Each structure stands twice: as C-alpha cells, then as structure tokens.
Amino acid sequence: MVIDFRSDTVTRPTPGMMEAMMQAKVGDDVFGEDPSINELEELAAGMFGMEAALFCPSGTMTNQVAIKCHTQPGDEVICDESAHVYQYEGGGIAFNSGASVKLLPGDLGRITAGQVLTAINPDDPHRANTSLVCLENTANRGGGSCYDFEEIKKIQTICKEKNLAFHLDGARLWNALVAKKETPQQYGEVFDSISICLSKSLGCPVGSLLLGQKNFIKKSRRVRKVFGGGMRQAGFFAAAGIYALQNNIVRLAEDHEHAKKIAAAISKKDFVQQVLPVETNIIIFELTGKFTAPELVSRLKEKDILGYAIAPNRVRLVVHLDISKEMTERTVHIFAQL
Ligand SMILES: *Cc1c(COP(=O)(O)O)cnc(C)c1O
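Next comes the structure, spelled out in structure tokens:
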C-alpha cells in the first residue's frame, strides 16, 4: 500500500463522485449551454453570496484571469513573497498581464495591513501603479497556515481607501473555513474576486472556480477564452464539483486531525529541527542536517510513503481525501521506527 502525501491533487474520484459524473447533463459551455457548469457556477456563487462564477480548468487559470482583469500592463501587484501567484504560475503575472510584483515578507505566507500600506506606491509617474493585492488562504508555503479574518478586513479597508482590487487565492480556502469555523459568505463580502479549487482538498479530478460580481465575471469569461480555457462538454467535471461541494467539505476536519497526528509523530524525531504549526492539512518540517530533504524523501519512499522535498532541508506532506485513518496510523508507526 503506497501512502501518497505529495499533494492533495493526487486523489481519485470516489464511486459517489463517479456516479454523479456519469449522470451529468452536458452541453457546449462556450455557448453557455452546459447545464451542469451553469448549476455549479450558480451554486458556488450562491455559497459565497457573490453574483457570478466562472469554471476554469485550473487554479492557475482562475488566478491569472483575475489578475489580468484587475490590472493594466505596467501596474504592480502586492503579495507575499511565497505566494503561488508569483512562485508557481510560471511568471504568469508578467507573461499574461505585463504587471510587476511587490513581494512582502509575511509570517508563514500571511501579510499584514501595515505591510500592504507601506507597499503601495505613491501616485507618481516614476512609480508603477499599484492596483491589486492578492492574499492566499490557506498559505501553501506557510504550511497550510490560516489568516486571521480581522487582518483580512483591515487589508480590505486599505484596498477600498486606496482604490485597489482585492483578490483571494483560495485554492485551499475550504480547509481554512473548516479549521477556523468561518463561512464562505464572510469571504464573499470582503474580496472583489476569489479563486477556489475543486481538485485540491475536495477530491475532484479537475477544476477551479473564479467568483466575483457579474461584470467582473463577464470580463473574466472573455479572458478565459483568450487564455484557451473555454471548454465544451466539461459538465462531467462540473458534476464532480457539485458533488464535492455537497459532500466533501465537512469531512476536511478529518484531514486536519490526521495531519496533526502525523505532525506530532514527526516532531519527536531527532532529525527534525522544527515542524511548522499544523492548522490544516499540510505538514512542513525542517531537518537538522542528519539527512537532506531528498534523502529523507527517498527513505520514506522505501517504506511506501511519498512526500515532497520543497527545499534542501524541508519536506512537505499533504493529507487528503484518499488518506485513511489506517494510513495515518501506519505513517505514525513508520516515523516512530525511522
Ligand atoms: C495548487 C494551487 C493553485 C492552483 O493550482 P493548479 O494546479 O493550477 O490548479 C493556486 N494557488 C495555490 C495556493 C495552490 O496551492
């Protein structure tokens, strides 16, 4: 039995999800005629109290479409230095939007209102026009850390005052909502746009959604087409998304519990310098030097446990829908013996 902690994208559809996909009614979504996609977009927008949503093939696309719609070439985007939009989207902010980025050193991927305020360029023709602030919740490189909602509200106030757009990369927002007992509506009220993932955490094979007000989503639909993301009978995937939104959110608490158990076992090891605080489903730990991260990852692989070396001395394990209680216990056992 291989226990795969490389990412929460490695899940396979469950029988219930497969059944929902098989039953999906589909049509040509570029014509706006796929009933399953229309239903998914309405459902998701409704959950967040936002006017509209757009189904895209990936979270990179939802983020990049949003950034394109919020900025003009030459503008500047503010985000944390470890943000996915900057680190892991192939330089897309420059490539797609011709915008530059102001990177802030946050606390485990979380930036503060004070930092944002000082990062906004003055209205001066020498300087790039700051037009967008992007947050990430949970923060991937921060070990699945969650924002304090009060800080988000403070950042929103600054965005309003300074006339900046406010985007959330919520690839794992569901994990934050469950861990912090927050609601999607709260988030819908403060952000201009939100990207949520159906594939991470929720177990769908494909798909992310961009949420926003009607005009914004209308513009996003055009940009999605330009980016090559207009899909046809993709309702089979939307049906998986509807199933996931209805069935796979509450259970995330289990993943968080599993992650905490595994983290506790890891933190006892003499080769571990520190484990980042585990708030959700991601465990990131730093090694003392007895092994490098790639060495530890290959030792784990010999025991059929798959992880990911995210830095020369850092390993990441991600818990998800396909990690059972038994697999968690086995992982704890293997770490104890390592
Ligand atoms: C995975 C991820 C995305 C988008 O990823 P895709 O693989 O393009 O769907 C965006 N933001 C964060 C924080 C992520 O972890």
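Residue numbers (the working numbering): 62 to 399. Built from N, CA and C at the ideal position, the CB exists for glycine as well. None of these values were measured; they are calculated from a predicted model.
Starting from the N-terminal side, write out each stretch of the alpha helix (DSSP H) that is 4 residues or longer and does not extend beyond the segment 83-123. 96-109
Mind checking His319: buried by the 16 CB within 10 Å criterion, or exposed? buried
Give me, in chain order, the residues of the same chain whose beta-carbon lies closer than 8 Å to that of Asp331; leave out the 5 immediate sequence neighbours on both sides. Thr349, Lys351
According to DSSP, is Thr75 part of a helix, a strand, or is it coil? coil
Please identify the residue among Ile98, Thr389, Ser206 whose C-alpha is closest to the C-alpha of Met292. Ile98
Terminal residues of the alpha helix (DSSP H) in which Asn308 lies: 296-308
Let me know the secondary structure DSSP gives Glu137 once reduced to three states. strand
In terms of residue numbering, what span does the alpha helix (DSSP H) encompassing Ile181 cover? It is not in any alpha helix (DSSP H) - Ile181 carries neither H nor E in the DSSP assignment.
Contacting residues, own chain, Cβ-Cβ under 8 Å from Val333 (five flanking each side not counted): Ile327, Phe346, Glu347, Leu348, Thr349
Are Val162 and Val138 close, meaning C-beta to C-beta below 7 Å? yes
With respect to the beta strand (DSSP E) encompassing Cys207, which residues constitute its N-terminal and C-terminal limits? Looking at the DSSP string, Cys207 is not in any beta strand (DSSP E), and its letter there is neither H nor E.
How close, in whole Å, do the beta carbons of Leu272 and Phe109 come, if the pair is a contact with beta carbons under 8 Å? 5 Å
Would you report the Cα separation of Ala105 and Lys221, rounded to the nearest angstrom? 25 Å
For Ser206 and Ser380, the rounded distance between their alpha carbons: At residue 380 the sequence reads Val, which differs from the Ser that was named. Distance between the alpha carbons of Val380 and Ser206 is about 14 Å.
Are there any heavy atoms of ligand 1 lying less than 6 Å away from the beta-carbon of Asp365, as far as the coordinates show? no
Could I get the ranges of all uninterrupted alpha helix (DSSP H) runs contained in the segment 219-290, with 4 residues as the minimum, in chain order? 234-241, 245-251, 275-287
Have a look at Tyr147 and Asp230 and give me their C-alpha separation to the nearest angstrom. 11 Å
Considering only C-alpha positions, which residue in the set Val393, Val177, Arg233 is nearest to His145? Arg233
With a CB to CB cut of under 7 Å and the five nearest residues on each side skipped, what residues in its chain are close to Arg391? Ile64
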